[in-house]
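These protein sequences, in sequence, are chains A and B.
Just so we're aligned, residue 1 is where the first sequence starts under the numbering used here, counting upward by one.
Just so we're aligned, residue 272 is where the second sequence starts under the numbering used here, counting upward by one.
Ideal placement from N, C-alpha and C gives every residue a C-beta, glycine not left out.
To start, the structure itself, in C-alpha cells.
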Amino acid sequence: MDANAAYGRALARAFGGALLFSFPLLMTMEMWSLGMAVERTRLLAFLLLSLPMLLGLSYYAGFEPTFRLRDEVLDALAAFGVGFLLAGVLLAVFGVLFRQGLSLQADLGKVALCAVPGAIGALVAGKQLGEGAPSTHEKERAGTLGEIFLMAVGALFLAFTVAPTEEMILIAYQMGPLQALLLMALSVLLLHVFVYRLGFPGESRRREAGGALRTFVGFTAPGYGVALVVSLYLLWTFGRTDGVAPHEIATMTIVLAFPAALGAATARLVV
Amino acid sequence: MATAKRAPARRKPAPAKPSSPNAPPLLEWISAAIGLACALTAIGFVAWDAVLGERSPPAIEVRLVEVTPTPHGFVAQVEAVNHGGSSAAQVAIEGVLSGQGGPETAQATLDYIPQRSRVSGGLVFEHDPRAGRLTLRAKGFADAS
Chain A
1 MDANAAYGRA LARAFGGALL FSFPLLMTME MWSLGMAVER TRLLAFLLLS
51 LPMLLGLSYY AGFEPTFRLR DEVLDALAAF GVGFLLAGVL LAVFGVLFRQ
101 GLSLQADLGK VALCAVPGAI GALVAGKQLG EGAPSTHEKE RAGTLGEIFL
151 MAVGALFLAF TVAPTEEMIL IAYQMGPLQA LLLMALSVLL LHVFVYRLGF
201 PGESRRREAG GALRTFVGFT APGYGVALVV SLYLLWTFGR TDGVAPHEIA
251 TMTIVLAFPA ALGAATARLV V
Chain B
272 MATAKRAPAR RKPAPAKPSS PNAPPLLEWI SAAIGLACAL TAIGFVAWDA
322 VLGERSPPAI EVRLVEVTPT PHGFVAQVEA VNHGGSSAAQ VAIEGVLSGQ
372 GGPETAQATL DYIPQRSRVS GGLVFEHDPR AGRLTLRAKG FADAS
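Right, here's the structure in full:
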C-alpha cells in the first residue's frame with residue numbers, strides 16, 4: 001500500500017505538471033478550432049507519433065525513477081491519460097466542449113490535440129516538481145541520439161505553445177528575406193550560447209571538451225536542424241503549409257524555429 | 272556519420288540492472304489502463320474519421336427557429352446546419368423577407384461550423400418575418416484553416 005501512496009503522489013505531481021505546461025494551450029482559441037479543423041490523417045499521425053515520443057521521454061524523465069521497459073510503457077500511458085483527462089476536464093469547464101449542436105468528432109479532436117502537451121508536462125513534472133533527483137543517473141545515459149531526441153522534445157514543447165497561433169503566419173508575412181536570415185542567425189547563436197556557454201544547471205560540461213568548433217558542429221548545428229524539422233512538421237500538421245509558396249513556408253519555418261531552438265537549447269533544463 | 276557510430280554503444284538501456292525488482296503498484300496499473308483507454312479512444316475515433324469519414328464539401332442549411340419581437344426590430348433566431356463532410360469557416364448567411372413592400376435583407380457571419388454540426392445566430396428585420404415570406408440560405412464560406 002505504501003507503493004500505491006507513493007505512486008499516488010507521483011500521479012498528483014504529474015497532474016500538476018500537465019496543468020502548468022498545458023494551460024496556455026488550453027486557453028488558446030486556435031487550439032480549439034484546430035482541434036476541429038486539422039486534417040484527420042495528420043491528427044492521427046500526430047497522435048501515433050506522440051506515443052513513442054512519450055515512451056522515450058519517460059525513459060529519460062519519467063515521473064518515477066524507473067528504467068524497465070514495462071514501467072516506462074506504464075508511465076507513458078499514464079501520462080497520456082493525465083494529459084487527456086486534464087484537457088477534457090478543463091476544456092469542459094471553459095465551456096469549449098459539449099457546445100450544443102457540435103459533433104463528437106469536433107470535441108474529441110480538441111481534447112486529443114491538447115492531450116499531447118499535457119502528457120509531456122506530466123512526464124516532465126516528475127523531474128521538475130519531484131523531491132529528489134532521481135534522474136541524475138539517467139542523465140548520464142543520454143548519448144548523442146538521446147541528446148538529439150531530448151532536443152527534439154524540447155523544441156516540440158516550446159514551439160507547440162505558439163505554433164497554432166495566427167501570429168506565426170503574420171510574422172512570416174511581415175519579415176523580409178534579410179530579416180529571416182537575421183532571425184536564423186540569432187536562433188543558432190542563442191542555441192549555442194544557451195546550451196554550452198551560460199552554465200545553466202543541467203548543462204553537459206563534457207561537450208566543452210572538443211573545443212568550440214567541435215561543439216558547434218556536433219551539437220548546435222544538429223540542434224538547429226532538429227528545431228527546423230520540428231517546426232516544419234508542426235506547421236504541416238496544422239495545415240499551415242497547404243498551398244503556400246515555398247519561400248513563405250521557409251520563412252514560417254524559420255519563425256517557428258526560433259522558439260523551437262530555444263526549446264531545444266533548454267531541453268536539459270525542462271526535460 | 273560520427274554520431275551514428277557512437278550512439279548504439281551508449282544507448283543500451285542498461286538491461287541487466289533490475290535495481291527495483293518489486294512489481295509496480297496496483298495504482299500504476301490502473302492509471303496506465305485509464306491512459307491506454309484514453310489513447311485508444313482518441314486514436315480510434317480519429318482513425319475511424321480519417322479512414323471512413325467522407326470528404327464531401329460543406330452543405331449548409333439555414334432554418335428558422337423562432338421570431339421574437341423586440342423594441343429594436345424582429346429578431347429571427349436561425350440555425351445553420353452543416354450536413355456536409357467537411358467544416359466551413361466564416362459562413363455568410365442571409366435572410367430575404369418579401370411580401371411587405373420591397374424585399375428586406377438581413378445577414379450574419381458565423382465563424383465556424385464543423386461537419387455535421389449546428390451553430391445558431393440571429394437575423395434582425397424591421398418587419399415581422401412571420402407575416403411575409405422569409406428565404407434563408409448560406410451565401411458562402413471559407414475552407415476551415
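Rounded distance between the beta-carbons of residue j and residue i, thought under 8 Å
i: G83 (chain A); j: A122 (chain A); result: 6 Å
i: G393 (chain B); j: Q361 (chain B); result: Wrong, their Cβ atoms sit about 17 Å apart, outside the cutoff.
i: L47 (chain A); j: A112 (chain A); result: 6 Å
i: V226 (chain A); j: M151 (chain A); result: 5 Å
i: S231 (chain A); j: T266 (chain A); result: Between T266 (chain A) and S231 (chain A) the Cβ distance is about 16 Å, and since that is not below 8 Å, they are no contact.
i: A18 (chain A); j: L86 (chain A); result: 5 Å
i: P295 (chain B); j: L51 (chain A); result: Contact flag wrong, Cβ pair sits at about 19 Å.
i: L178 (chain A); j: T220 (chain A); result: Contact flag wrong, Cβ pair sits at about 22 Å.
i: L331 (chain A); j: G109 (chain A); result: Since the first and last residues shown for chain A are 1 and 271, residue 331 (chain A) lies out of range.
i: L158 (chain A); j: L262 (chain A); result: 6 Å
i: L307 (chain B); j: Y7 (chain A); result: With a Cβ gap of about 16 Å, L307 (chain B) and Y7 (chain A) do not count as contacting.
Residue i - containing alpha helix (DSSP H), residue span
i: P259 (chain A); result: 246-265
i: P24 (chain A); result: 2-26
i: L150 (chain A); result: 144-162
i: V230 (chain A); result: 221-237
i: M29 (chain A); result: 29-37
i: T312 (chain B); result: 297-323
i: M168 (chain A); result: 167-174
For residue i, the nearest candidate out of the options (CA to CA)
i: R334 (chain B); options: B:R389, B:S358, B:G315; result: B:R389
i: G239 (chain A); options: A:E30, A:R13, A:F15; result: A:E30
i: Y149 (chain A); options: A:Q179, A:G223, A:F21; result: The sequence given here places Phe at residue 149 (chain A); Tyr does not occur at that position. When each option's Cα is compared against that of F149 (chain A), the closest is A:G223.
i: G366 (chain B); options: B:H343, B:P400, B:L407, B:V336; result: B:L407
i: G356 (chain B); options: A:E147, A:R68, A:R99, A:S103; result: A:S103
i: V255 (chain A); options: A:F98, A:A185, A:I171, A:F160; result: A:I171
i: A330 (chain B); options: B:A351, B:V395, B:I305, B:S391; result: B:A351
i: V153 (chain A); options: A:T241, A:R42, A:I120, A:E248; result: A:I120
i: A125 (chain A); options: A:T241, A:G16, A:L262; result: A:G16
i: P117 (chain A); options: A:R70, A:F98, A:L234, A:L186; result: A:L234
i: E72 (chain A); options: B:K410, B:H354, B:W300; result: B:W300
i: A257 (chain A); options: A:P164, A:T237, A:G243, A:L183; result: A:L183
i: G95 (chain A); options: A:V188, A:R9, A:V162, A:W32; result: A:W32
i: A409 (chain B); options: B:E397, B:V346, B:H354; result: B:H354
i: E397 (chain B); options: B:I364, B:L323, B:V346, B:S302; result: B:V346
i: A313 (chain B); options: A:F194, A:Q174, A:R70, A:A115; result: A:A115
i: E325 (chain B); options: B:L311, B:Q386, B:A310; result: B:Q386
i: A260 (chain A); options: A:A163, A:I169, A:T237, A:M175; result: A:A163
i: Y383 (chain B); options: B:G372, B:A363, B:R401; result: B:A363
i: R99 (chain A); options: A:F216, A:M36, A:L156; result: A:M36
i: F80 (chain A); options: A:F216, A:G176, A:Q105, A:L11; result: A:L11
Per DSSP, the bridge partner or partners of residue i
i: R68 (chain A); result: Paired residue(s): none; R68 (chain A) is not in a bridge.
i: D414 (chain B); result: B:A359
i: L335 (chain B); result: B:V349
i: L407 (chain B); result: B:G366
i: V390 (chain B); result: B:A351
i: V395 (chain B); result: B:V346
i: P340 (chain B); result: B:F345
Opening and closing residue of the beta strand (DSSP E) in which residue i lies
i: L381 (chain B); result: 375-384
Inter-stretch contact at 8 Å, needing at least 3 Cβ pairs: the segment 11-28 of chain A / the segment 317-328 of chain B: no
Validate contact between the segment 336-343 of chain B and the segment 366-378 of chain B using beta carbons, cut 8 Å, 3 pairs: no
Selection of the segment 19-38 of chain A by Cβ proximity to chain C, strictly under 7 Å: Here the protein chains are A and B, and chain C is not one of them.
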